[in-house]
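Position in the sequence shown (first residue = 1) + 7 = the working numbering.
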Amino acid sequence: MHRTLYDILHDVSKSSMVDDGDLQAAGLLILTAALHGLQINRVGIWIFTDDKQAIRCRMLIDGDDCVIDGDLELMRTAYPNYFIALDNERAIVANHAQEHSSTLEFRDSYLIPFGITSMLDAPIRHRGNMLGIICCEHQGPEREWSSEEIAFASALADTYGRAISAAQRNDYERQLHEINEQLEQKINDRTEILQQALRNLNHTQAKLIESEKLASLGRLVSGLAHEINTPLGIAVTSASHCANELKRVQQLYRDEQLNEQEFAQFLAGIDDGLGLINNNLSRAATLVQNFKLSGAIHTANEEEHFELRDCIALTIKSLQPLLKKNQVNCQLQTGAPIHINSYPGAIAQIITNLITNSIHHAFANTPDKQIHIQLDETRGQVTIYYTDNGCGIADDIRAKIFEPFFTTARRTGGSGLGLSIVYNLVTQKLGGEITINEDQSDGAGFIITIPENQKK
Ligand SMILES: Nc1ncnc2c1ncn2[C@@H]1O[C@H](COP(=O)(O)OP(=O)(O)O)[C@@H](O)[C@H]1O
Ligand SMILES: [Mg+2]
């Protein structure tokens with residue numbers, strides 16, 4: 008190839024503009040190269056419409072004028088022979104353009120008015136398809152396009168194909184970037200929605216836990232009310248019996264019919280009655296006192312020095328009506344007193360929740376329903392072993408039972424909060440640990456270990 012043509016091509020090919028993705032800049036570079044290399048004044052880039060029924064001018068340089076994306080369009084129907092030549096996908100080399108079979112159709116409307124005498128069209132290819140042409144137009148005396156010039160124009164057209172690839176890649180990258188940004192925005196929006204949902208959930212959870220705590224306190228209180236009712240009832244009956252007796256003896260006295268035997272009987276009866284009243288009222292008073300001591304009504308809030316065995320015994324006692332009603336025998340193993348500094352309210356609540364769980368979940372098929380609680384003290388630690396002889400906790404739910412809202416009794420009103428409250432009280436309030444007793448062969452078992460001296 009002629010040295011200048013080779014150099015021009017080399018410069019174009021090396022220019023970063025070709026691969027930058029700016030199709031207009033690349034087009035200008037390539038067309039300017041064609042003008043210089045081929046020593047012509049008019050050159051254009053023409054691209055087929057999608058249906059290939061027309062070819063449209065993308066860029067045209069005519070002397071000092073440059074038209075970009077103008078409305079020049081050639082229809083297949085108007086120039087059938089030219090389009091047949093294009094369909095061959097080869098360069099059209101028309102040395103005598105005004106007579107050449109492919110370009111003859113342009114003669115009167117185009118070639119003569121613009122003084123064009125020779126034409127050279129090089130196909131632009133992209134991914135194996137011909138997209139259009141670079142059209143080189145020579146004015147003045149006709150010329151013979153040399154094979155080097157034809158190769159030069161073709162090489163420039165190929166370079167334009169390369170620029171199209173770069174522009175497409177840029178376009179894809181831009182689209183990808185946009186999609187990414189949209190996606191990020193969407194993710195941010197969704198995250199915000201999820202976070203809001205989570206905040207709501209936490210709020211609801213806190214409310215539910217609070218109400219479950221109140222419910223377990225309620226169970227204790229109603230147990231206590233039931234328990235107090237019996238001695239009070241006996242005291243009331245006995246008092247009214249004494250009052251009736253008194254009235255009867257007063258009447259006998261007024262009628263002067265009261266004999267010694269009658270009077271002695273009356274005194275004995277009143278003595279019994281008062282004894283009964285006294286006993287039962289003290290029993291009621293003790294129950295109230297015990298209930299206070301059990302810490303249940305403090306809703307687990309104050310740290311105290313207390314005896315653990317008593318605390319648990321009292322809690323069991325306040326649940327007695329519930330246990331009796333369900334024919335459950337709950338035994339606390341006897342042993343030496345264990346004095347600790349901790350939260351009696353929390354311990355009462357833990358024991359209450361474990362017992363209610365045994366009653367609700369364990370005993371459906373157990374004829375002799377038993378709960379055992381055993382205490383053990385070693386090296387500043389107390390261990391509470393809680394066991395029942397019910398159905399046990401199935402292997403596949405063991406990992407989940409301490410999670411809030413996990414329940415196998417949703418249909419019968421289970422909230423799934425009982426054991427999660429127990430877990431939180433043991434680990435956070437009491438600074439201890441709770442595990443399922445894996446060694447137990449039948450029924451459910453829990454091992455709770457807490458420090459004797461709770462330091463917060
Ligand atoms: N003593 C037990 N015996 C058998 N299963 C139990 C026992 N205690 C708890 N569970 C199981 O653990 C689950 C979670 O208990 P809990 O958190 O108190 O929620 P809930 O009592 O509302 O179901 C229960 O649904 C039950 O399946
Ligand atoms: Mg429960």
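Think of the CB as a built atom: it goes at the ideal place given N, C-alpha and C, for glycine as much as any other residue.
Query: Which whole-angstrom value describes the C-beta separation of L315 and V389, a residue pair presumed to lie in contact below a C-beta threshold of 8 Å?; Result: 6 Å
Query: Is the CB-CB distance between A109 and A92 below 8 Å?; Result: Note that residue 109 is Ser in the sequence shown here, rather than Ala. It is a contact, given that the beta carbons lie within the stated cut-off.
Query: Is T359 near ligand 2, with its Cβ less than 7 Å from a heavy atom?; Result: no
Query: For L382, count neighbouring Cβ atoms within 10 angstroms of its own Cβ and tell me buried if that reaches 16, exposed if not.; Result: buried
Query: Nearest to I358 by CA position, among L426, T341 and A98, is which residue?; Result: L426
Query: Which term fits I123, buried or exposed, when burial requires 16 or more other beta carbons within 10 angstroms of its beta carbon?; Result: buried
Query: From the DSSP output, which residues share a beta bridge with N460?; Result: N348
Query: Bridge partners of D395, per DSSP?; Result: I378
Query: Tell me the rounded alpha-carbon separation between V472 and C398.; Result: Since the displayed the chain opens at 8 and closes at 463, residue 472 lies outside it and no answer follows.
Query: Rounded to whole angstroms, how far is the Cβ of L163 from the Cβ of I141, which I believe are closer than 8 Å?; Result: 6 Å
Query: Rounded to whole angstroms, what is the Cα-Cα separation between I404 and K193?; Result: 37 Å
Query: Work out the CA separation of N236 and N287 for me, nearest whole Å.; Result: 10 Å
Query: Tell me the rounded alpha-carbon separation between S448 and Q461.; Result: 33 Å
Query: Within 10 Å of its beta-carbon, does I119 have 16 or more other beta-carbons around it, so buried, or fewer, so exposed?; Result: exposed
Query: For the segment 53 to 83, list the alpha helix (DSSP H) runs that are entirely contained and at least 4 residues long, ordered along the chain.; Result: none
Query: On the CB-based measure, 16 or more other CB atoms within 10 Å of its CB, does F409 come out buried or exposed?; Result: buried
Query: Using a threshold of 8 Å, state whether the C-beta atoms of E144 and V50 are closer than that.; Result: yes
Query: On a Cα-Cα basis, can you pick out the residue from K324, P344 and A343 that is closest to C337?; Result: K324
Query: What residue does the beta strand (DSSP E) around V25 start on, and which one ends it?; Result: Taken as a continuous stretch (DSSP letters only), V25 belongs to no beta strand (DSSP E), being part of the alpha helix (DSSP H) at M24 to D27.
Query: Give every residue of the same chain whose Cβ lies closer than 6 Å to the Cβ of L42, excluding the five residues on either side of it in the sequence, and list them in chain order.; Result: V50
Query: Just tell me which of N431, F412, L437 and N396 has its CA closest to the CA of N444.; Result: N396
Query: What are the partner residues of P87, as DSSP defines its beta bridges?; Result: Answer is none; P87 lacks a bridge partner.
Query: Using only CA atoms, which one of A61, I457, D178 and T166 lies nearest to M24?; Result: T166
Query: Mind checking which residues open and close the alpha helix (DSSP H) that includes I319?; Result: L315 to S325
Query: When you compare only the Cα positions, how much space is there between R114 and D78?; Result: 20 Å
Query: Which two residues bound the contiguous alpha helix (DSSP H) that contains A40?; Result: L30 to L45
Query: Select from Y350, V335, R386 and T373 the residue whose C-alpha is nearest the C-alpha of I362.; Result: V335
Query: Can you give me the C-alpha to C-alpha distance between D76 and I171, rounded to a whole angstrom?; Result: 15 Å
Query: The alpha helix (DSSP H) with I123 in it runs from where to where?; Result: Not the alpha helix (DSSP H): I123 falls in the beta strand (DSSP E), residues I123 to H133.
Query: What are the start and end residues of the beta strand (DSSP E) that includes L339?; Result: V335 to L339
Query: Three-state secondary structure (DSSP) at Q202?; Result: helix
Query: For M82, which residues of its own chain have a beta-carbon under 6 Å away from its beta-carbon, when the five flanking residues on both sides are left out?; Result: A61
Query: Ligand 2 heavy atoms versus the CB of T363: any closer than 7 Å?; Result: yes
Query: Just checking T211 against ligand 1 - is the residue's beta carbon closer than 7 Å to any of the ligand's heavy atoms?; Result: no
Query: Within the same chain, show all residues whose beta-carbon is closer than 7 Å to that of I391, passing over the 5 residues directly before and after it, in chain order.; Result: I380, L382 and I455
Query: State the start and end residues of the unbroken alpha helix (DSSP H) segment that holds N431.; Result: G425 to N431
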